[in-house]
Amino acid sequence: MSTTSRFTERDVSEFFDQTTQTYLSFWDSEGVLHTGYFADAADSDYAAAADRTSDILAADAGIAAAANVLDVGCGCGNFLLRLAERTGCRGEGLDLSIERVRFAQGKLAERGDGLPVAFRHGSATALPYADATFTHVVSQDALFLVPDKPRSHAEMFRVLAPGGVLAIADFLQPTPEIGEAARRHVYDRVRWNSGYSLDGYREALQRVGFVDVDARSLDNHIRQTYRVLGRTARQRAAATDDEAARTWIRNFAESCDEIQAAIDRDEFGWGMFVARKPA
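Read in the numbering used here, the sequence shown has 375 at position 54, and its numbers run on one by one without any break.
The following block contains the structure:
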């Protein structure tokens with residue numbers, strides 16, 4: 322992983338604060354923002370695949386009613402809400418984007434069903450919790466954006482109770498050298514400096530103390546995610562009369578094409594990681 326950090330946490334938070342309402346208005350009013358785990362190569366149901374990713378991570382982590390879960394980079398809150406609804410766990414979601422935290426808080430309030438969760442603004446590099454607070458720490462497609470990744474790993478380790486479980490899905494940088502097209506259309510587009518390979522990610526978690534690190538490369542699922550999203554975007558662009566929405570959606574479709582090309586060049590990937598803090 323390159324140690325060069327051109328984008329700061331402020332850059333990341335400002336980008337998502339500025340783009341959240343457009344995304345919600347033009348694309349997905351629920352704010353689903355993570356990679357799908359598809360049933361097979363013919364599956365084109367992105368919403369079901371996105372839910373399946375959440376359910377696989379929850380099952381691999383062993384999250385149940387007694388769990389106290391921290392979702393780092395919770396975005397619009399969908400993962401933590403689903404965990405609490407399906408398992409009965411309690412927890413907190415934390416995100417660097419105040420706009421996404423507000424959306425998650427509003428979504429929780431609209432439910433009105435008393436789910437034992439909360440959402441707050443904060444950084445993965447300075448988690449506002451005492452040592453050993455949580456039984457589980459989870460994250461989906463968010464930690465890749467953290468400029469100081471080792472510090473975020475150490476913080477997640479710190480707030481986990483002894484014997485606690487880390488379960489994350491995240492984007493990967495399989496090769497050290499990134500071409501100009503991938504840098505412009507994939508990395509810089511979302512204020513991403515650089516990432517880990519699958520093995521590099523495993524080793525980074527081990528360096529801060531995690532053990533029993535299970536790491537799986539799932540590039541076929543991320544490729545299928547953006548193939549499905551790109552096709553859906555072109556259909557929506559053709560069907561809308563809103564010029565601003567049509568332009569945004571067409572640009573999103575082109576980004577989906579660029580992401581697939583980056584995957585094929587081994588410049589972009591996706592993996593799942595489950596690890597444990599020693600008891």
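In this text, a Cβ means the ideal position worked out from N, Cα and C, and glycines have one as well.
Check whether V689 and L487 have beta carbons under 8 Å apart: Here the chain has residues from 322 to 600 only, and residue 689 is not among them.
Close beta carbons around G443, own chain, < 7 Å, minus the five adjacent residues each side: Looking up residue 443 in the sequence shown gives position 122. Excluding positions up to five away in sequence, the list reads L415 and P449.
Presumed contact (8 Å Cβ cut-off) between I419 and D349, rounded CB distance: Counting from 1 along the sequence shown, the entry for residue 419 is found at position 98. Counting from 1 along the sequence shown, the entry for residue 349 is found at position 28. Wrong, their Cβ atoms sit about 19 Å apart, outside the cutoff.
For F347, three-class secondary structure by DSSP: In the sequence shown, the residue the question calls residue 347 occupies position 26. Helix.
Proximity below 8 Å, CB of C304 to CB of F440: This structure leaves residue 304 out entirely; the chain is present only between 322 and 600.
Same chain only: Cβ atoms within 7 Å of R567, ignoring 5 sequence neighbours per side: In the sequence shown, counting from the first residue as 1, residue 567 sits at position 246. So the list reads A558 and T561, once near-sequence residues are dropped.
Cβ-based neighbour list, R597, same chain, cut-off 6 Å, excluding 5 preceding and 5 following: Locating residue 597 in the sequence shown gives position 276, counting from the first residue. Only V486, V532 and D533 meet the Cβ criterion.
Complete runs of the alpha helix (DSSP H) confined to the region 391 to 455 [at least 4 residues]: For the region 391 to 455, whole alpha helix (DSSP H) runs of length 4 or above, ordered along the chain, are 399 to 408 and 419 to 432.
Enclosing beta strand (DSSP E) for V595 [first to last residue]: For this step, residue 595 is matched to residue 274 along the sequence shown. Start and end: G590 to R597.
G590 beta carbon less than 8 Å from that of P495: Locating residue 495 in the sequence shown gives position 174, counting from the first residue. Locating residue 590 in the sequence shown gives position 269, counting from the first residue. Their beta carbons are under 8 Å apart, which means P495 touches G590 by this criterion.
Length of the line joining the Cα atoms of Q545 and A362: As a first step, residue 545 is located in the sequence shown; it is residue number 224 there, counting from the start. As a first step, residue 362 is located in the sequence shown; it is residue number 41 there, counting from the start. Q545 and A362: Cα-Cα distance of roughly 8 Å.
Q494 (DSSP reduced to helix, strand or coil): On the sequence shown, position 173 is the one that residue 494 refers to. In the structure shown, Q494 sits in coil (DSSP, three-state: anything other than H, G, I, E or B).
Straight-line Cα distance separating A385 from D491: Position 170 of the sequence shown, counted from the start, is the residue given in the question as residue 491. Position 64 of the sequence shown, counted from the start, is the residue given in the question as residue 385. Cα to Cα, the separation comes out at about 23 Å.
Buried versus exposed call for D520 [16 or more other C-beta atoms within 10 Å across all chains shown]: As a position in the sequence shown, residue 520 is number 199, starting the count at 1. Taking all protein chains shown into account, D520 has fewer than 16 neighbouring C-beta atoms within 10 Å of its C-beta and is therefore exposed.
Close beta carbons around S365, own chain, < 6 Å, minus the five adjacent residues each side: Reading the sequence shown from its first residue, position 44 is the one you call residue 365. In its chain, beyond the 5 residues on either side, V549 have a beta carbon closer than 6 Å to the beta carbon of S365.
contact_flag[the region 508 to 517, the region 327 to 338] where n(CB pairs < 8 Å) is 3 or more: Contact between the region 508 to 517 and the region 327 to 338 is present: 3 or more CB-CB pairs across the two stretches fall below 8 Å.
Cutoff 6 Å; reference T324; Cβ partners in own chain excluding five residues on either side: The sequence position of residue 324 within the sequence shown is 3, counting from 1. No answer about T324 holds up, because its pLDDT of 40 lies below 50 and its placement is not dependable.
Which of helix, strand or coil DSSP assigns to S323: In the sequence shown, the residue the question calls residue 323 occupies position 2. Residue placement at S323 cannot be trusted, given a pLDDT of 45 that sits under 50; the coordinates are not used to answer.
Where the beta strand (DSSP E) through A536 begins and ends: Here the question's residue 536 lines up with position 215 in the sequence shown. For A536, the uninterrupted beta strand (DSSP E) run begins and ends at V532 to S538, by DSSP.
Runs of alpha helix (DSSP H) lying entirely within the region 519 to 578, each at least 4 residues, in chain order: Counting only unbroken stretches of 4 or more residues, the alpha helix (DSSP H) elements lying wholly within the region 519 to 578 are 519 to 528 and 540 to 560, in sequence order.
Separation of I499 from L404, as counted between CA atoms: Position 83 of the sequence shown holds residue 404. Position 178 of the sequence shown holds residue 499. Taking the straight line joining both Cα atoms gives about 36 Å.
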